[in-house]
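Asker: Right, I'll just put the structure down here and ask away after.
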Amino acid sequence: MNYVSPVTASSALETSSRVAVVASLGREAPLPFAFDAVLGVKSGVRSVSDDPQCEKFAHTLDLAQAGLVLRSVRFTSGRTVSLVAVPSVCWRDPVLHARILDLKWTRELSGQRLVLVPESVIRAEPRLTNALLVSACDGVHVTPRERLILLSHLTEFGGSASLEVCAEWLACSTDPAGAVLRLVTERVLTIALDRPIDLQSEVSLAARR
3 MNYVSPVTAS SALETSSRVA VVASLGREAP LPFAFDAVLG VKSGVRSVSD
53 DPQCEKFAHT LDLAQAGLVL RSVRFTSGRT VSLVAVPSVC WRDPVLHARI
103 LDLKWTRELS GQRLVLVPES VIRAEPRLTN ALLVSACDGV HVTPRERLIL
153 LSHLTEFGGS ASLEVCAEWL ACSTDPAGAV LRLVTERVLT IALDRPIDLQ
203 SEVSLAARR
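In terms of the working numbering, the sequence shown opens at residue 3 and continues consecutively.
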């Protein structure tokens, strides 16, 4: 199912190929890709990386082929947590289920908190397609001048404005809305993710930490 607004696809995002890729993925996106996209827009996250130590534990427990996606996530609070995306099939297999719980306890006994994230949570809509759309804008180039223009206008507007208004401020950009969403990937801005992203989605200055 495609949750990308037709208005957004035709008017807000100039790079039609990007919208087509997101629309074709949706809930069919590979789990690692989907997990990283969702983590990329999660509030409070500072950085996401592979988790070699957790991978070692998973290998020891014969989980290397289970399809788990293991990430080390550092939050703006300074806390680091191991997050593991668990394919739905693993919950239905008693042996895999037990081994995954063993992985959690083994990792936590080593001194690192581990949170199991069900695939169904990662693929919840509209957050997944929104996250994929934002992630697809990671390669959009934003010049220092464009950045300054947008941040200055947002500050004058009290810190928030619609995606449409933000894109109008960057009319000189080759991809105005894409530039706005690129700043979301940099955590300079935030965008409402509880409804499908469209021209009326609220864009805000990210809280300073």
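All residues carry an ideal CB built from backbone N, CA and C; glycine is no exception.
Quick one: does the C-beta of Ser84 sit closer than 8 Å to a heavy atom of the ligand GTP?
Answerer: No copy of the ligand GTP appears in this structure; indeed no ligand is present at all.
Asker: Are the stretch 119-133 and the stretch 38-53 touching by the rule of at least three beta carbon pairs closer than 8 Å?
Answerer: yes
Asker: When the distance is taken between beta carbons, is Asp95 closer than 9 Å to Ser74?
Answerer: no
Asker: Between Arg210 and Ser49, what straight-line distance do the alpha-carbon atoms span, to the nearest angstrom?
Answerer: 16 Å
Asker: Between the alpha carbons of Ser175 and Cys56, how many angstroms are there, rounded?
Answerer: 42 Å
Asker: Going by DSSP in three states, Ser51 sits in which element: helix, strand or coil?
Answerer: strand
Asker: Am I right that Leu136 and Leu165 are in contact with their C-beta atoms under 8 Å? What's the rounded C-beta distance?
Answerer: Before going on, a small fix: residue 136 reads as Val here, not Leu. Not confirmed; about 11 Å, so no contact.
Asker: Out of Phe59, Ala169 and Leu172, point me to the one whose CA is closest to Arg106's CA.
Answerer: Before going further, note that residue 106 is Lys rather than Arg in the sequence given. Comparing Cα positions, the closest option is Phe59.
Asker: Terminal residues of the continuous alpha helix (DSSP H) containing Ile124?
Answerer: Glu121 to Ile124
Asker: Does any C-beta atom of chain B lie closer than 9 Å to the C-beta of Ser175?
Answerer: Note that chain B does not occur in the displayed structure, where there is just one protein chain.
Asker: Using a 10 Å radius around the Cβ and a threshold of 16 neighbouring Cβ atoms, would you call Glu188 buried or exposed?
Answerer: With fewer than 16 other beta carbons inside 10 angstroms of its own, Glu188 counts as exposed.
Asker: Per DSSP, what kind of secondary structure is Leu153 in: helix, strand or coil?
Answerer: helix
Asker: Identify, in the order they occur along the chain, each residue of the same chain with its Cβ nearer than 7 Å to the Cβ of Ala169, setting aside the five sequence neighbours on each side.
Answerer: Ala14, Pro178, Ala179 and Val182
Asker: Check for me: the beta strand (DSSP E) holding Arg101 runs from which residue to which?
Answerer: Where Arg101 is concerned, there is no enclosing beta strand (DSSP E), although the alpha helix (DSSP H) it sits in stretches over Pro96 to Leu111.
Asker: Thinking C-beta only, is Ser162 closer than 9 Å to Leu156?
Answerer: yes
Asker: Mind reading off the beta-carbon distance from Val47 to Phe77? Whole number of angstroms is fine, and I expect it under 8 Å.
Answerer: The Cβ separation is near 6 Å, so the contact holds.
Asker: So, using beta-carbon positions, are Ala36 and Arg125 closer together than 9 Å?
Answerer: yes
Asker: Does the separation of the CB atoms of Leu85 and Leu72 fall below 9 Å?
Answerer: yes
Asker: Can you tell me whether Ser90 is buried or exposed, with buried defined as 16 or more other CB within 10 angstroms of its CB?
Answerer: exposed
Asker: Could you have a look at Thr187 and say whether DSSP puts it in helix, strand or coil?
Answerer: Thr187 falls in the helix class under three-state DSSP.
Asker: Taking the alpha carbon of Thr145 as the reference point, which residue from Leu185, Phe159, Val88 and Ser45 has its own alpha carbon closest?
Answerer: Leu185
Asker: Taking 9 Å as the cut-off, decide whether the C-beta atoms of Ala269 and Leu33 are in contact.
Answerer: Residue 269 cannot be examined here, being either before or after the span of the chain that is shown, 3 to 211.
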